[in-house]
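Novice: Position one of the sequence shown corresponds to residue 707 (the numbering used here), numbered consecutively onward. Just so it is clear, CB atoms sit at the ideal spot from N, CA and C, and this is done for glycine as well. Predicted model only: the values in this text are computed from it and were never measured. So that we are looking at the same thing, I have put the structure below in structure tokens.
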Amino acid sequence: MESRSKKARRSESVAARSSSSLFMDMESRSKKARRSESVAARSSSSLFIDMESRSKKARRSESVAARSHVPPDILLSNILPRLSFKSLTRFESVCKSWRALITEDSLFAADQSLHPSPASSGFVYLGSSGLEFLSAPGTPVGVPRPSLEIPFHAYSLKLVASTNGLLCCLIRAPASNFFNDGGPCFNLLYVLNPATRESHLVPAAQSHSSFFIGLAFDPSNSPSRYALVCLRRCHGVIEGCLKTQHWFHVFSSETREWVVSSQTVLVDDFVSGEPTAVFAGGVLYWDCISYLIWFDPSKDLAGRTPLPEDPSSAGVHWIGVWEGRVTCTQAWDGEVEVFVMTNGNGSSGNWVRRHRASFEAMVGGNPEVFAKFCHPMRLRSGRLWDRLISRWFLRPLALDGGDKLYIALKPIAWMPNEKERVLCYDLRTGEMTSISDGIRLIPFEDRVFSYHNSMVRLPELCSEAVNTTTS
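Laid out in structure tokens, this is it:
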């Protein structure tokens, strides 16, 4: 009986252990189940979050797409015309309607010409290899090739005008043909659009050594025609005073002939030099040193207007164009002032100062630009401006867009064939940028002209005119 009792206790102990093991196994399975449920819940939550994130991204993409959609009329009328000519030629293949707009629509071409892109602006000058173009770094895409090959030797050319994308040059006659005053004879005018590579020759009104040509071209009002105006002058004594009389020869691309205007301007002054002309607001202006002579070819009106400051106090000055208004930039005594004519054109306009800056401030605010080519000066004591002008001759070249002043620097010990460095100073921000390490202008032809390319087609002349094509 005792033996049976022991066996019974052992059986109960085994049963208890089995029951405990079964309970532990069930508990373990329950924990695994809970862990699986937790993992599943987390996976479900992660999937939900991921789906929600994707939904948010999709909504953001839709929102960005909605915001980035530009109405066709805005794109065609406000964006495309502000691109450079070279960029527009790349977009001709987008669709047939764009190609027709870019290549055939004269109004679109006129709009593009009047709203120049910064990438298509700069200046043009006559270099040893022909017409040279220069613009700020990073913006050469819209400017023609740095050098434009033309079918004439550079030394037989004289660049005289740049207006809304068109250029005008004088062509010298053979070297043996000179006038009594020693000046070379000019008997042809060369009008061209460097962007479209169109050009033609126009016989001059008279062969003469002194040609002061203005080019009038307004693509917004008359894209199919232009006018060349030759300012003539003579000096004489009238009523005991030395006076200068001005008159005008006008060539129209429509009539293809030269006519003499009935307008004359008599000035109580003796004027020498070669006045440069600009076209602004439908009026041509010639810079005659102490005043401006103006002529309106569409109305056949002429007159004179004073400069904004007494020219006797100014070292140098030149005129330009900004947003259809004539500008006058004066530099003297280490300062530069930019004036803009407002409230009319011709004699009715008023001069308003737009900018004033000192060369010393330009240099002092941008020492890193000048340090690139003035390394030895950093080792000396004294102000940077004083050290600069003791070694370098600084002269303004041109004004672009009313705010960007191009400046040329050359060593004081300058040789005739040595190049000049070109800088660009932003009169609004005070930032100076290096444009070129060196340009070389034709001797005695140191004038530069503001330029922006234009897709306006060069108005055609009759068959009597000599047509040429630039390469």
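(1) How many Å lie between A933 and G1071 at the Cα?
(2) Closer than 7 Å by C-beta to V965: which residues in its own chain qualify, once you throw out the five before and the five after it? Chain order, please.
(3) Label N1049 either buried or exposed according to how many other C-beta atoms from any shown protein chain fall within 10 Å of its C-beta, with 16 as the threshold for buried.
(4) Taking 8 Å as the threshold, find out whether the region 1132-1139 comes into contact with the region 865-876 through three or more Cβ pairs.
(5) Could you round the C-beta distance between R931 and S959 to whole angstroms and report it? I think they count as a contact, below 8 Å.
(6) One question on the structure: do H941 and F976 come within less than 7 Å of each other, judged by their Cβ atoms?
(7) Tell me where the beta strand (DSSP E) around F976 begins and ends.
(8) Roughly how many angstroms lie between the CA atoms of L794 and Q818, to the nearest whole one?
(9) Helix, strand or coil, according to DSSP, for E1166 in the structure here?
(10) Could you check the C-alpha separation between V943 and M1161 for me, to the nearest Å?
(11) Going by the beta-carbon positions, is the gap between L840 and S1142 smaller than 7 Å?
(12) Using 10 angstroms around the beta-carbon of D1106, count the other beta-carbons present and answer buried if the total reaches 16, otherwise exposed.
(13) For V984, collect the residues of the same chain with a Cβ closer than 7 Å to its Cβ; drop the 5 residues on either side in sequence, then sort them by chain order.
(14) Note the first and the last residue of the continuous alpha helix (DSSP H) segment covering V1075.
(15) Run the CB neighbour count on K1110, radius 10 Å, all protein chains shown included, and call it buried at 16 or more, exposed below.
(16) Are the beta-carbon atoms of W804 and F814 separated by less than 7 Å?
(17) Ends of the beta strand (DSSP E) at L934?
(18) Within the same chain, show all residues whose beta-carbon is closer than 8 Å to that of C947, passing over the 5 residues directly before and after it, in chain order.
(19) Whole-angstrom Cβ separation of F1001 and Q951, contact assumed at under 8 Å?
(20) Is G828 near Y1157, with beta carbons less than 7 Å apart?
(21) Looking only at C-alpha atoms, which of S1054, R903, E1015 sits nearest to Q1036?
(22) When burial is assigned at 16 or more other CB atoms within 10 Å of the CB, is E1166 buried or exposed?
(23) If I follow the unbroken alpha helix (DSSP H) through L820, where does it start and stop?
(24) Shortest alpha-carbon distance to D993 belongs to which of S1004, G1052, E945?
(25) Pull up the distance between the alpha-carbon of T869 and that of D924, whole angstroms please.
Specialist: On the basis of the coordinates in this document:
(1) Rounded to whole angstroms, the gap between the alpha carbons of A933 and G1071 is 44 Å.
(2) Excluding residues up to 5 positions away in sequence, V956 lie with their Cβ nearer than 7 Å to the Cβ of V965 in the same chain.
(3) Counting Cβ neighbours within 10 Å, N1049 comes out exposed, since fewer than 16 surround it.
(4) With a cut-off of 8 Å, the region 865-876 and the region 1132-1139 do not count as touching, because too few Cβ pairs lie within range.
(5) Right, their Cβ atoms sit about 5 Å apart.
(6) Yes; because the gap between Cβ atoms is below 7 Å, this pair is in contact.
(7) For F976, no beta strand (DSSP E) run applies, since DSSP gives it neither H nor E.
(8) So the alpha carbons of these two residues sit roughly 10 Å apart.
(9) In the three-state DSSP reduction, E1166 falls in the coil class, being neither helix nor strand.
(10) Using only the alpha carbons, I get a separation of about 48 Å.
(11) Their beta carbons are under 7 Å apart, which means L840 touches S1142 by this criterion.
(12) D1106 should be labelled buried.
(13) Y991, I1025, G1026, V1027, V1032, listed in sequence order.
(14) From DSSP, the alpha helix (DSSP H) with V1075 extends over 1073-1077.
(15) With 16 or more other CB atoms across the displayed protein chains lying within 10 angstroms of its CB, K1110 is buried.
(16) No. Outside cutoff.
(17) From DSSP, the beta strand (DSSP E) with L934 extends over 933-944.
(18) Non-local C-beta neighbours of C947 in its own chain, meaning closer than 8 Å and more than five positions away in sequence, comprise D974, ordered along the chain.
(19) That belief does not hold up - the Cβ atoms of F1001 and Q951 are roughly 14 Å apart, past 8 Å.
(20) In this structure, Y1157 lies closer than 7 Å to G828 by Cβ.
(21) Looking at S1054, R903, E1015, the one whose alpha-carbon comes closest to that of Q1036 is E1015.
(22) By the neighbour-count rule (16 or more Cβ atoms within 10 Å), E1166 is not buried but exposed.
(23) Counting along the chain, the alpha helix (DSSP H) containing L820 begins and ends at 812-820.
(24) Nearest C-alpha to D993: G1052.
(25) Going from the Cα of T869 to the Cα of D924 covers about 8 Å.
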